[in-house]
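Q: Counting in numbering that gives the first Met the number 0, the sequence shown runs from 0 upward without gaps. What follows is a structure written as structure tokens; I'll ask about it next.
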Amino acid sequence: MNSEIIKPYSVLWRKCAALLLAGLLLSGCTAHGEKPVTSVKIGIIVYDQYDNFISELMKVIIDEAAAIKDETGVTVNLDMLDAAGNQSTQNEQVRKLIKKGCDVVCVNLVDRTEPTVISELGEKNNVPIIYFNRELVAEDLERWDRLYYVGADAFQSGILEGEIAADAFLNDPSADKNGDGIIQYIMLEGEAGHQDAIVRTEYSVNTIIEKGLKVEKLGYAIANWNRAQAKTQTTAMLLGEYGSSVELIISNNDAMALGAIDALETENIPRTEWPVIVGIDGIAEGLEAVQEGKMAGTVYNDKEGQGRNMLRLAYALAAGKSLEDLPVTEGKYIRLPYRKILPETAE
Ligand code: GAL
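Following this line, the structure appears as structure tokens:
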């Protein structure tokens, strides 16, 4: 009698187990909630592919996709787009990438104050969004728990740049060309309203002052991170009222510092009369300029760390893996540290 009772139950149990397994496989999930994935699809949209730093970052991202494939066997299909400086274009691109089946979309916002449409698209379709490089305000990142940010700490870059500039004057008093004990400087700023531009401008100068030096701001120009614009703006300032009185050029990034160097070279200003020039990023040509002594130093913006961690995060989210091994803080942020690059370390 016992066996008669047990038998139907065991058949029923086996059927249930089979159904459960089939259900799990159909839903693409294992019992641990991880998908048995063989490929993931990740959308990447940059604000402007011609930005020097961003184009170097894009190369890191492409290499990282290949590294993940080698390591895990999972194919990371990248769909990379350029918003060409237009926020509405970028919103539409996100919509299309989600429709095309991207598991995660990584967004280098055109306008860091306008993430709402993109975050809502992510939430509505349950597609995580990783913002990168152009930091949005914290409240905008709080609106859904699957929004992330990968970048760096802008404050640190400004402080390190200020330290490089201050040390150049402390180590070589002749850099104060008119010997008045005050550093006359001009500032080359990135975009108006960009977190990095605002913070770097303020903290670089404050750091120089905290190091005990006096400064006088002769002028500034917004050159949108761009070398050609910085060259034009610097030429105007050098040929204009400030002329040879400029002792320091502080640039929010290397591309604009290189534009300032272009201006000095085009105007045939002898190297002995050049102001001290400092930048941020450590792009290839910036590092060369530091090695050649044209720039006093730069601050390395860790594109390798940012690109790799962003893609690892995207992969983990797409494949339903744990984020435990990633340096995520507050459940949302990955920030890579900056470091100083001086002529002796530029290589
Ligand atoms: C900054 C970088 C700049 C520019 C900008 C674009 O972090 O230093 O060179 O690329 O991002 O958002």
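Using N, Cα and C, we set each Cβ at its ideal position, and we do this for glycine too. Computed from a predicted model, the values in this text were never measured in an experiment.
Mind the definition here: the stretch 94-102 touches the stretch 325-345 only if three or more C-beta pairs lie below 8 Å; say whether that holds.
A: no
Q: May I ask whether a heavy atom of the ligand GAL can be found less than 7 Å away from the beta carbon of Arg133?
A: Taking the sequence shown and counting its residues from 1, the one referred to as residue 133 is at position 134. Checking every heavy atom of the ligand GAL against the Cβ of Arg133, one is found closer than 7 Å.
Q: Assuming Ser173 is part of the alpha helix (DSSP H), what are its boundary residues?
A: For the purposes of this step, residue 173 is identified with residue 174 of the sequence shown, where counting begins at 1. Annotation: Ser173 is outside any alpha helix (DSSP H) and is labelled neither H nor E by DSSP.
Q: What is the DSSP secondary structure of Arg199, reduced to helix, strand or coil?
A: Taking the sequence shown and counting its residues from 1, one reaches residue 199 at position 200. Arg199 falls in the helix class under three-state DSSP.
Q: In three-state terms, what does DSSP make of Glu215?
A: Numbered from its first residue, the sequence shown carries residue 215 at position 216. Looking at Glu215 - three-state DSSP - the assignment turns out to be strand.
Q: Would you check if there are 3 or more beta carbon pairs closer than 8 Å linking the stretch 197-207 to the stretch 155-171?
A: Pairwise C-beta distances place the stretch 197-207 in contact with the stretch 155-171, as three or more of them are shorter than 8 Å.
Q: Among the candidates Thr74, Ala137 and Ala295, whose CA atom is the shortest distance from the CA of Lys339?
A: Position 340 of the sequence shown, counted from the first residue, corresponds to residue 339. The shortest Cα separation from Lys339 among Thr74, Ala137 and Ala295 belongs to Ala295.
Q: Quick check: is any heavy atom of the ligand GAL less than 7 Å from the C-beta of Gly189?
A: Here residue 189 is taken as the residue at index 190 of the sequence shown, counted from 1. Yes - the ligand GAL has a heavy atom lying nearer than 7 Å to the Cβ of Gly189.
Q: So who's on the other strand from Leu322, going by DSSP bridges?
A: Walking along the sequence shown from the start, residue 322 turns up at place 323. BP columns for Leu322 are empty, so no partner.
Q: Figure out for me which residue from Ala64, Asn300 and Asp152 has the closest Cα to the Cα of Ile53.
A: Along the sequence shown, read from residue 1 onward, the residue named residue 53 stands at position 54. Considering only alpha carbons, the answer is Asn300.
Q: Counting pairs of beta carbons, one from the stretch 103-110 and one from the stretch 128-139, are three or more of them closer than 8 Å?
A: yes
Q: The beta strand (DSSP E) spanning Leu80 covers which residue range?
A: Translated into positions along the sequence shown, residue 80 becomes position 81. Thr74 to Asp81 is the span of the beta strand (DSSP E), which, as asked, contains Leu80.
Q: Count the other CB atoms within 10 Å of the CB of Pro127; is the residue buried (16 or more) or exposed (fewer)?
A: Translated into positions along the sequence shown, residue 127 becomes position 128. Buried.
Q: Is DSSP giving Arg338 helix, strand or coil here?
A: Position 339 of the sequence shown, counted from the start, is the residue given in the question as residue 338. Strand.
Q: Among Glu284, Ile276, Ala318 and Met236, whose alpha-carbon lies nearest the alpha-carbon of Ala220?
A: Within the sequence shown, the letter at position 221 stands for residue 220. When each option's Cα is compared against that of Ala220, the closest is Met236.
Q: Would the C-beta of Asn300 count as close to the ligand GAL, meaning under 7 Å from any of its heavy atoms?
A: What you label residue 300 is simply residue 301 of the sequence shown in a count that begins at 1. The answer is yes for Asn300.
Q: Under 8 Å by Cβ, that's how I've got Ala262 and Thr234 pegged, so tell me the actual separation to the nearest angstrom.
A: As a first step, residue 262 is located in the sequence shown; it is residue number 263 there, counting from the start. As a first step, residue 234 is located in the sequence shown; it is residue number 235 there, counting from the start. Between Thr234 and Ala262 the Cβ distance is about 4 Å, and since that is below 8 Å, they are a contact.
Q: So if DSSP puts Leu247 in a beta bridge, which residue, or which two residues, is it bridged to?
A: Within the sequence shown, the letter at position 248 stands for residue 247. Beta-bridge pairing links Leu247 to Tyr184 and Val275.
Q: Is the stretch 141-149 touching the stretch 69-82, taking contact as three or more C-beta pairs under 8 Å?
A: no
Q: Around the Cβ of Ser250, are there at least 16 other Cβ atoms within 10 angstroms (buried) or fewer (exposed)?
A: For this step, residue 250 is matched to residue 251 along the sequence shown. Buried, by the Cβ-count rule.
Q: Could you give the distance in angstroms between the alpha-carbon of Gln89 and the alpha-carbon of Asp195?
A: For the purposes of this step, residue 89 is identified with residue 90 of the sequence shown, where counting begins at 1. For the purposes of this step, residue 195 is identified with residue 196 of the sequence shown, where counting begins at 1. Gln89 and Asp195: Cα-Cα distance of roughly 21 Å.
Q: Hey, would you say the C-beta of Asn308 is under 7 Å away from at least one heavy atom of the ligand GAL?
A: The residue you call residue 308 lines up with position 309 of the sequence shown. Asn308: no, Cβ never under 7 Å from the ligand GAL.
Q: First and last residue of the beta strand (DSSP E) that includes Ile60?
A: Within the sequence shown, residue 60 is the residue found at index 61, counting from 1. No beta strand (DSSP E) contains Ile60, which is instead part of the alpha helix (DSSP H) from Asn51 to Thr71.
Q: Sort Ile208, Glu162, Ile260 and Lys216 by Cα distance to Ala227 and report the nearest one.
A: As a first step, residue 227 is located in the sequence shown; it is residue number 228 there, counting from the start. When only C-alpha atoms are compared, the closest one is Ile260.
Q: Going by the C-beta, is Ile197 closer than 7 Å to any heavy atom of the ligand GAL?
A: Stepping through the sequence shown from its first residue, residue 197 is reached at position 198. Result no, Cβ not under 7 Å from the ligand GAL.
Q: Can you pull the DSSP bridge partners for Asp280?
A: Here residue 280 corresponds to residue number 281 of the sequence shown, with the count starting at 1. Its beta-bridge partners are Tyr299.
Q: At what residues does the alpha helix (DSSP H) containing Val116 begin and finish?
A: Against the sequence shown, residue 116 aligns to sequence position 117. Its alpha helix (DSSP H) spans residues Thr115 to Asn124.
Q: Just verifying my parser: in three-state terms, what is the DSSP assignment at Gly349?
A: Residue numbering for the chain in the displayed model covers 0 to 346; residue 349 lies beyond these limits and cannot be assessed.
Q: Nearest to Glu266 by CA position, among Ile276, Lys230, Gly281 and Ala318, is which residue?
A: Start at 1 with the first residue of the sequence shown, and residue 266 comes out as number 267. Out of Ile276, Lys230, Gly281 and Ala318, Lys230 has the C-alpha closest to the C-alpha of Glu266.
Q: Beta-carbon within less than 7 Å of Arg199's beta-carbon, same chain only, minus the 5 sequence neighbours each way: which residues are those?
A: If you number the sequence shown from 1, residue 199 lands on position 200. Result list for Arg199: Ala153, Ser156, Gly157, Glu160, Asn251 and Ile279, in chain order.
Q: For Ala151, collect the residues of the same chain with a Cβ closer than 8 Å to its Cβ; drop the 5 residues on either side in sequence, then sort them by chain order.
A: Along the sequence shown, one-based indexing puts residue 151 at 152. Excluding residues within five positions, the ones whose Cβ falls inside 8 Å are Asn300, Asp301, Gln305, Arg334, Leu335, Pro336 and Tyr337.
Q: Excluding the 5 residues flanking Cys15 on each side, which residues of the same chain have their C-beta closer than 8 Å to its C-beta?
A: The residue labelled residue 15 in the question sits at position 16 within the sequence shown. In this prediction, Cys15 has a pLDDT of 39, which is less than 50 and means its spatial position is unreliable; what the coordinates show is noted afterwards. Excluding sequence neighbours, Cys15 sits near nothing in its chain.
Q: Which residues share a DSSP beta bridge with Thr328?
A: The residue given as residue 328 occupies position 329 in the sequence shown. For Thr328, which the question treats as bridged, DSSP gives the partners Tyr332.
Q: Does DSSP put Lys40 in a helix, a strand or coil?
A: As a first step, residue 40 must be located in the sequence shown, where it is residue number 41. DSSP places Lys40 in strand when its eight states are reduced to three.
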